[in-house]
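Trainee:
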Amino acid sequence: MPDTLAPPANDALPLASRSELRFLTCGSVDDGKSTLIGRLINDASGLFEDQIRSLQDESRRFGTTDDDIDFALLLDGLEAEREQGITIDVAYRFFSTARRAFVVADTPGHQQYTRNMATGASNAELAILLVDARKGLLEQTRRHAAIVSLLGIRHIVLAVNKIDLVNFSEARFREIAAAFAAFAGPLGFHSVVAIPLSARLGDNVAERSGRTPWYEGPSLLAYLESVETDPEAAEAPLRFPVQWVNRPDADFRGFAGTVASGRVRVGDPVVVAGSGRTTQVARIVGFDGDLQSAEAGRSVTLTLCDEIDIVRGDLLADPRRRPVVTQRFAADLVWMDESAARPGKRFLLKIGTATVPANLSRIAETLDIDSLQRAPAAELVLNAIGRVEIEAGAPVAFDPYADNRGTGAFILIDRSTLRTAAAGMVVESLDAARDVHRHAEAVTPALRADLKAQQPLVVWLTGLPGSGKSTIANIVERKLAAAGRHTMLLDGDNLRQGLNADLGFDAAARSENVRRVGEVAKLLADAGLIAIVALVSPFQADRTRAAALLPEGRFLEVFVDTPLAICRQRDPKGLYRKAEQGQLAHLTGRDQPYEAPEGPALVLNTAELGAEEAADRVIELVLERT
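With numbering that gives the first Met the number 0 applied, the sequence shown corresponds to residues 0 to 625, in that order.
(1) Since I believe VAL269 is in contact with VAL280 (beta carbons under 8 Å), could you give me their beta-carbon distance rounded to a whole number of angstroms?
(2) State whether the region 284-301 contacts the region 410-421, with contact taken as three or more CB pairs (one from each stretch) at a distance under 8 Å.
(3) Taking three-plus beta-carbon pairs below 8 Å as touching, is the region 122-142 in contact with the region 152-163?
(4) Distance, Cα to Cα, PRO217 vs ASN203?
(5) Where does PRO399 fall in DSSP's three states?
(6) Residues in its own chain within less than 6 Å of ALA526 by CB, not counting five upstream and five downstream?
(7) I need the DSSP call for VAL265, collapsed to helix, strand or coil.
(8) Give the straight-line distance between the Cα atoms of ALA383 and LEU359, rounded to the nearest whole angstrom.
(9) Looking only at its chain, what residues have a beta carbon closer than 6 Å to the beta carbon of PHE554, apart from the 5 residues adjacent to it on each side?
(10) THR461 and GLU556: beta carbons closer than 8 Å?
(11) Compute the distance between the beta-carbons of PHE179 and LEU136, then report whether it is under 8 Å.
(12) When DSSP labels each residue in this structure, what does VAL333 get in the three-state scheme?
(13) Taking the alpha-carbon positions, what's the GLN372 to VAL387 distance?
(14) How big is the Cα-Cα spacing for THR443 and VAL265?
(15) Between the region 317-325 and the region 387-407, can you find at least three pairs of beta-carbon atoms closer than 8 Å?
(16) Less than 8 Å between the C-beta atoms of GLU594 and PHE504, yes or no?
(17) In this structure, does DSSP put PHE346 in helix, strand or coil?
(18) State the DSSP-derived secondary structure class of GLU579, mapped to helix, strand or coil.
(19) Within the 8 Å Cβ cut-off, does LEU479 reach chain B?
(20) My assumption, with CB atoms under 8 Å, is that LEU290 sits in contact with GLY261. Please give the rounded CB distance.
(21) Is the CB-CB distance between THR406 and ASP398 below 8 Å?
(22) Who are the near neighbours of ASP541 in its chain, counting only those whose CB is closer than 6 Å to its CB and skipping five residues on each side?
(23) Does DSSP classify CYS25 as helix, strand or coil?
(24) According to the Cβ coordinates, are GLU227 and ALA100 closer than 8 Å?
(25) With distances taken Cα to Cα, identify the nearest neighbour of GLY483 among THR140, GLN454 and ALA508.
(26) Just to confirm the assignment: which complete beta strand (DSSP E) runs, minimum length 3, are found wholly within the region 161-210?
(27) Take LYS349 and list the residues in its own chain whose beta-carbon comes closer than 7 Å to its own, dropping the five residues that flank it on each side.
(28) Helix, strand or coil for PRO444 per DSSP?
(29) So, is CYS304 buried or exposed, given that buried needs 16 or more other C-beta atoms within 10 angstroms?
(30) Could you tell me the alpha carbon to alpha carbon distance between LYS521 and LEU548, rounded to whole angstroms?
(31) For GLN580, does the count of other Cβ atoms within 10 angstroms reach 16, so buried, or fall short, so exposed?
(32) How many Å lie between ASP75 and ALA198 at the Cα?
(33) Going by the CB atoms, is the gap between GLU378 and ALA329 shorter than 8 Å?
(34) By the three-class DSSP mapping on this structure, what secondary structure does ALA452 have?
(35) Can you tell me which of the three DSSP states ARG99 falls into?
(36) At which residues does the alpha helix (DSSP H) containing ALA610 begin and terminate?
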């Protein structure tokens, strides 16, 4: 902590030239966050007389501060919050001084509402972390510190509040400041400034307090007016997520959105990150007319020199400094749902303006809030922080969150409830080839499908060895071909003689086998074909990952549900006999588990259905979709 920080000069700057600081307050329940913000607003810019009278009346009504004004009532606008005495929503407030404009987010302290706190932190440049001088560091204090670090906030004010309730004790203040410094060392903050204050009485909030003569640093407001944060967004390469396609008439086609980072100028080259198509910016249209340039934070409409295919969710970027485009990436998650996160669960992934299906393919580890150590984990529970791997259903464009907060942040949405399940920060791509970019294709999958006069589809037959998958798949392809449909059969045994000849049969090799087959099936669907897959594919997570490669409704999972006893009896390849004799290892159904589909499009009970009848049911389903 610096020994002293001179307050800014008293002369006011013109409003347009005042810098803006976005910050949040966070901490545990009843640490005084709302009171502090209310006090800041009052002391910085003043309240009108009617506001003061209203606060006095409200304070007497709720009786929270004896005869003093309860400044928290400026922010706790929800009746439920007032009755409970806690903040459960994120409240945004705007105020300014002669030197600076401020946007502050008052976030909930209760552990149940950690998700709301993460929301408030997403756009902040600085965090005020409140600590009750009587209680010291609590679990929620440490959790919030870890979250703001993950969210890229590098400047912290440790506000040791309620210093009046410990008799303005220097020793207590130093003890808490030292404890936080020891805890926060690994979190990578650029600056941590500790300030003793009383939000209720105003000590060291707007002005230095005479009751803490031992404190030589600035008041909170003086520090907020003077602190310099990192101008990340303006210096980053151009990123422009397309919010919507603006086409009011046949003569105008523009792409509306907000510049997430960097700057765009008329004449600049841009690339559509997903397709790899390049063009130039023809016009930049703002609210008041045409502009020559626009920088981070500006909402504009861009028109381009070439007619290229761009839709909502696409990302326009600097072609010299392109974002990553991939379907597999590692990320840090703040889990926000009461139902635990487990591998294999499917979500909607919203990143920028794009929303695609996604699969939580792996949970690598969780972060211990007390020790800041990471440990292996099988699930993430409410408010847990963990490192995960995600498989998107389509390529997504991003920058690692550490490089660009605007394009590296995302949320996971529960597909059934449509509630936000997690806030995420991209760590890195999981593709081995990280410096490659997709080249534009002149012939699109839609055109290929039109040429074949059918809708592409992947029909994925899964079941135990000997269940009848290959037999049914062959009949399905024969009958579809006879009906004039363009098909391709991918049989597991055939693929293991070529594409997958290097793979074994342990769990990891089986997962890679399914991954490769899924990629091939996707390519066949892109070619406009109906791909029929016959593959044991024993693990739900692997099948979910394959399904995520296709657009919604283009993947049909068919469960060939044959009892194990019947499979053993049939044993067309002699696999069960060899396994029982010790000649074959890793046989699904005997040495390895088989995970039945959770919600297949079709279930075929071959104990009751013959192969022809089972195939007819598959064909009926296919014809409905194509």
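Positions of the beta carbon are idealized from the N, C-alpha and C atoms, including for glycine.
Mentor: Taking the definition as stated:
(1) In the sequence shown, residue 280 corresponds to position 281, counting from 1. In the sequence shown, residue 269 corresponds to position 270, counting from 1. Yes, they are in contact, since the Cβ atoms of VAL280 and VAL269 sit about 6 Å apart, within 8 Å.
(2) no
(3) yes
(4) For the purposes of this step, residue 217 is taken as residue 218 along the sequence shown, with counting starting at 1. For the purposes of this step, residue 203 is taken as residue 204 along the sequence shown, with counting starting at 1. The straight-line gap from Cα to Cα measures roughly 8 Å.
(5) Locating residue 399 in the sequence shown gives position 400, counting from the first residue. PRO399: coil per DSSP, three-state reduction.
(6) For the purposes of this step, residue 526 is taken as the residue at position 527 of the sequence shown. Shown here for ALA526: same chain residues with a beta carbon closer than 6 Å to its own, the five before and five after excluded, namely ARG447 in chain order.
(7) Position 266 of the sequence shown, counting from 1, holds the residue named residue 265. If DSSP states are grouped into helix, strand and coil, VAL265 belongs with coil.
(8) Looking up residue 383 in the sequence shown gives position 384. Looking up residue 359 in the sequence shown gives position 360. Approximately 15 Å between the Cα atoms of the pair.
(9) For the purposes of this step, residue 554 is identified with residue 555 of the sequence shown, where counting begins at 1. So the qualifying residues of the chain are VAL457 and ALA546.
(10) Taking the first residue of the sequence shown as position 1, residue 461 is located at position 462. Taking the first residue of the sequence shown as position 1, residue 556 is located at position 557. A distance below 8 Å separates the beta carbons of THR461 and GLU556.
(11) On the sequence shown, residue 179 is found 180 positions in, with the first residue counted as 1. On the sequence shown, residue 136 is found 137 positions in, with the first residue counted as 1. Contact: yes.
(12) Numbered from its first residue, the sequence shown carries residue 333 at position 334. Looking at VAL333 - three-state DSSP - the assignment turns out to be strand.
(13) Within the sequence shown, numbered from 1, the residue matching residue 372 stands at position 373. Within the sequence shown, numbered from 1, the residue matching residue 387 stands at position 388. Those two C-alpha atoms are separated by around 16 Å.
(14) Start at 1 with the first residue of the sequence shown, and residue 443 comes out as number 444. Start at 1 with the first residue of the sequence shown, and residue 265 comes out as number 266. If I take the Cα positions, the gap works out to 29 Å.
(15) yes
(16) Numbered from 1 along the sequence shown, position 595 holds the residue referred to as residue 594. Numbered from 1 along the sequence shown, position 505 holds the residue referred to as residue 504. Between GLU594 and PHE504, the C-beta spacing is not below 8 Å.
(17) Working through the sequence shown from its first residue, we reach residue 346 at position 347. Note: PHE346 maps to strand in three-state DSSP.
(18) As a first step, residue 579 is located in the sequence shown; it is residue number 580 there, counting from the start. Helix.
(19) Reference to chain B is not applicable here, since this structure consists of a single protein chain.
(20) Residue numbering aside, residue 290 sits at position 291 when the sequence shown is read from its first letter. Residue numbering aside, residue 261 sits at position 262 when the sequence shown is read from its first letter. Actually they are not in contact, since the Cβ atoms of LEU290 and GLY261 sit about 15 Å apart, beyond 8 Å.
(21) Taking the first residue of the sequence shown as position 1, residue 406 is located at position 407. Taking the first residue of the sequence shown as position 1, residue 398 is located at position 399. Taking 8 Å as the Cβ cut-off, THR406 and ASP398 qualify as a contacting pair.
(22) Numbered from its first residue, the sequence shown carries residue 541 at position 542. Closer than 6 Å at Cβ, skipping near neighbours: SER510 and VAL513.
(23) Taking the sequence shown and counting its residues from 1, one reaches residue 25 at position 26. Reduced to three states, the DSSP call for CYS25 is strand.
(24) Locating residue 227 in the sequence shown gives position 228, counting from the first residue. Locating residue 100 in the sequence shown gives position 101, counting from the first residue. Cβ atoms of GLU227 and ALA100: not closer than 8 Å.
(25) Position 484 of the sequence shown, counted from the start, is the residue given in the question as residue 483. Of THR140, GLN454 and ALA508, the residue nearest in Cα terms is GLN454.
(26) 190-195
(27) Looking up residue 349 in the sequence shown gives position 350. The answer, listed in chain order, is PHE409, ILE410 and ILE412.
(28) Here the question's residue 444 lines up with position 445 in the sequence shown. Per DSSP, reduced to three states, the secondary structure at PRO444 is helical.
(29) By 1-based counting over the sequence shown, the position of residue 304 is 305. Counting Cβ neighbours within 10 Å, CYS304 comes out exposed, since fewer than 16 surround it.
(30) One-based indexing of the sequence shown puts residue 521 at position 522. One-based indexing of the sequence shown puts residue 548 at position 549. Using only the alpha carbons, I get a separation of about 7 Å.
(31) For the purposes of this step, residue 580 is identified with residue 581 of the sequence shown, where counting begins at 1. Label assigned to GLN580: exposed.
(32) As a position in the sequence shown, residue 75 is number 76, starting the count at 1. As a position in the sequence shown, residue 198 is number 199, starting the count at 1. Caution is warranted here: a pLDDT of 47 is assigned to ASP75, below 50, making its placement in the model unreliable, and the coordinate value is therefore given only provisionally. If I take the Cα positions, the gap works out to 15 Å.
(33) The residue given as residue 329 occupies position 330 in the sequence shown. The residue given as residue 378 occupies position 379 in the sequence shown. No. Outside cutoff.
(34) Taking the sequence shown and counting its residues from 1, one reaches residue 452 at position 453. Here ALA452 sits in coil by DSSP.
(35) Position 100 of the sequence shown, counted from the first residue, corresponds to residue 99. Reduced to three states, the DSSP call for ARG99 is strand.
(36) Along the sequence shown, one-based indexing puts residue 610 at 611. First-last of the alpha helix (DSSP H) with ALA610: 610-624.
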